[in-house]
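Colleague: Structure below; questions to follow.
There are 2 protein chains.
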Amino acid sequence: MGAPGDIEDLIGLMARLPGLGPRSARRAVLMLLKKRGPLMAPLAQAMAHVALSARDCSVCGNIGTEDTCPICTDPRRQTGEICVVEDVADLWAMERAGAFRGRYHVLGGTLSALDGLGPDELRIPLLVRRVQEEQTREVILALNATVDGQTTAHYIADALAATGVQVSSLAQGVPIGGELDYLDDGTIGAALRARRRV
Amino acid sequence: MGAPGDIEDLIGLMARLPGLGPRSARRAVLMLLKKRGPLMAPLAQAMAHVALSARDCSVCGNIGTEDTCPICTDPRRQTGEICVVEDVADLWAMERAGAFRGRYHVLGGTLSALDGLGPDELRIPLLVRRVQEEQTREVILALNATVDGQTTAHYIADALAATGVQVSSLAQGVPIGGELDYLDDGTIGAALRARRRV
Ligand SMILES: [Zn+2]
Ligand SMILES: [Zn+2]
Chain A
1 MGAPGDIEDL
11 IGLMARLPGL
21 GPRSARRAVL
31 MLLKKRGPLM
41 APLAQAMAHV
51 ALSARDCSVC
61 GNIGTEDTCP
71 ICTDPRRQTG
81 EICVVEDVAD
91 LWAMERAGAF
101 RGRYHVLGGT
111 LSALDGLGPD
121 ELRIPLLVRR
131 VQEEQTREVI
141 LALNATVDGQ
151 TTAHYIADAL
161 AATGVQVSSL
171 AQGVPIGGEL
181 DYLDDGTIGA
191 ALRARRRV
Chain B
199 MGAPGDIEDL
209 IGLMARLPGL
219 GPRSARRAVL
229 MLLKKRGPLM
239 APLAQAMAHV
249 ALSARDCSVC
259 GNIGTEDTCP
269 ICTDPRRQTG
279 EICVVEDVAD
289 LWAMERAGAF
299 RGRYHVLGGT
309 LSALDGLGPD
319 ELRIPLLVRR
329 VQEEQTREVI
339 LALNATVDGQ
349 TTAHYIADAL
359 AATGVQVSSL
369 AQGVPIGGEL
379 DYLDDGTIGA
389 ALRARRRV
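Below, the structure written as structure tokens:
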């Protein structure tokens with residue numbers, strides 16, 4: 001309270017964003033109000049445009065502006081490899097790394113009895129069908145190194161067993177530039193178990 | 199990089215908000231993408247609406263949707279008292295506290311040679327004219343307890359001297375619920391100097 005109603009409504013909506021509480025939403029809106037022309041209007045327009053045009057790719061679950069996303073339609077991307085990620089953010093991170101030239105499958109979460117997320121919600125049957133139809137050679141599981149992520153990875157590996165496709169997962173270890181001091185025990189343990197001769 | 203161009207543009211604009219860096223802007227946009235209908239579309243609409251309709255009150259500098267803000271046009275607000283604040287955020291904070299029933303004057307900053315903010319930019323001549331025209335009894339300086347805030351307060355007190363209006367400022371001291379341990383030395387010193395007999 002304190003600001004006019006329309007502005008309070010805007011602050012309330014902004015406060016629902018992750019990383020912004022009520023206080024910082026208020027500060028953000030104030031800054032927008034000071035930069036109505038150069039920032040607030042373009043931001044509103046960009047957001048409205050994306051809200052209207054964004055859609056989930058019907059093949060892989062990536063977000064784009066067409067029924068099929070740019071990665072699925074890019075003839076230069078290898079069809080024989082599918083990288084399975086939990087989330088579109090993970091797909092973006094993989095793309096930023098620029099190390100993978102195949103296609104993706106976005107689960108949209110991990111198996112979770114609590115959240116009512118089963119294999120169908122995560123589009124796992126669709127993944128099995130893709131592997132068969134696209135004659136996939138390898139499925140790379142790039143799931144988070146959490147309990148839920150690893151449970152989901154095992155479930156997918158089992159579901160794909162009958163197809164004969166090779167299933168692999170990202171190596172676990174010390175991140176580049178990572179200081180042992182700041183890593184959790186699980187990471188250090190995994191890095192030790194996966195140690196390589198140098 | 200990683201997301202489609204339109205979405206990257208949106209992330210770039212969001213990252214310019216205070217409290218959101220590039221990483222959290224990305225997370226915020228991802229959350230908006232997941233809630234396109236219930237959150238992203240209404241947020242875009244609310245923002246576009248405010249960007250179009252918001253304007254600075256020609257009397258006091260508060261932000262509203264008309265030429266003159268609701269506080270300046272509210273006949274129940276006392277005209278004899280003007281509370282001077284640096285920023286619209288401070289006006290909102292005062293209104294949330296609900297302790298002041300007069301009118302405001304929003305400076306839009308503090309005197310700063312560095313930022314090229316002089317008396318004219320801060321609407322100080324306009325304040326002097328208001329005090330004369332509105333027959334103001336008291337001007338309450340609710341400026342931040344910073345060096346710039348206090349320099350500005352002194353300048354305004356000098357500028358108003360000839361009008362004969364009473365000029366006061368908010369009391370400094372320990373905030374309610376404030377633990378001495380967590381207060382800076384300046385606050386403790388000011389509270390000690392302003393001590394009252396109990
Ligand atoms: Zn796709
Ligand atoms: Zn006003």
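So the sequences go chain by chain: A and B.
Once you know that position 60 of the first sequence is 60 in the working numbering, the rest is easy, because the numbers rise by one and skip nothing.
Start counting at 1 in the second sequence, then tack on 198, and there's your number in the working numbering.
Think of the CB as a built atom: it goes at the ideal place given N, C-alpha and C, for glycine as much as any other residue.
Fair warning: this is a prediction, and the values are worked out from it, not measured in the lab.
Closer than 8 Å, CB to CB, is B:Ile338 near chain A or not?
Modeller: Cβ-Cβ to chain A under 8 Å: no for B:Ile338.
Colleague: Determine the contact status of B:Asp226 and A:Pro18, defining contact as a CB-CB distance below 8 Å.
Modeller: It is Ala, not Asp, that sits at residue 226 of chain B in the sequence shown. Against a cut-off of 8 Å, the Cβ pair of A:Pro18 and B:Ala226 comes out as a contact.
Colleague: Determine, for A:Ala122, whether the minimum Cβ-Cβ distance to residues of chain B falls below 8 Å.
Modeller: The question names Ala, but residue 122 of chain A is Leu in the sequence shown. So no, A:Leu122 is outside the interface.
Colleague: Checking 8 Å against the spacing of the C-beta atoms, do B:Thr385 and B:Gln370 come in under that value?
Modeller: Against a cut-off of 8 Å, the Cβ pair of B:Gln370 and B:Thr385 comes out as a contact.
Colleague: Return the first residue and the last residue of the beta strand (DSSP E) that A:Leu141 is part of.
Modeller: 138-141 is the span of the beta strand (DSSP E), which, as asked, contains A:Leu141.
Colleague: Please specify which runs of the alpha helix (DSSP H), each continuous and at least 4 residues long, are wholly inside the region 208-235 of chain B, giving them in chain order.
Modeller: Whole alpha helix (DSSP H) segments, 4+ residues: 220-232.
Colleague: Tell me A:Gln166's beta-bridge partners as DSSP assigns them.
Modeller: A:Glu138, per the DSSP bridge assignment.
Colleague: Is any heavy atom in ligand 4 found nearer than 7 Å to the beta carbon of B:Cys267?
Modeller: For ligand 4, the structure offers nothing, since it holds only ligand 1 and ligand 2.
Colleague: Distance check for B:Lys232 and B:Ser222, CA to CA, integer angstroms please.
Modeller: Near 15 Å, if we compare the C-alpha coordinates of B:Lys232 and B:Ser222.
Colleague: Taking the DSSP output, what are the residues bridged to A:Asp185?
Modeller: None; A:Asp185 has no bridge partner.
Colleague: Spatial neighbours of A:Val128 within its chain, please: C-beta separation below 6 Å, excluding the five flanking residues on both sides.
Modeller: Here the set comprises Ala159.
Colleague: At the 8 Å Cβ level, is A:Gly61 part of the contact set with chain B, yes or no?
Modeller: It does not; no Cβ of chain B falls within 8 Å.
Colleague: Cβ of A:Val139 versus every heavy atom of ligand 1: is any distance shorter than 7 Å?
Modeller: It does not: the Cβ of A:Val139 is nowhere closer than 7 Å to a heavy atom of ligand 1.
Colleague: If you draw a straight line from the alpha carbon of B:Glu279 to that of B:Ile374, how long is it in whole angstroms?
Modeller: Computed Cα separation, rounded: 25 Å.
Colleague: If you compare alpha carbons, which of B:Ala340, B:Val329, B:Thr277 is closest to B:Ala291?
Modeller: Among B:Ala340, B:Val329, B:Thr277, the Cα nearest to that of B:Ala291 is on B:Ala340.
Colleague: Cβ closer than 8 Å: which chain B residues qualify as neighbours of A:Asp9?
Modeller: Result: Ala244.
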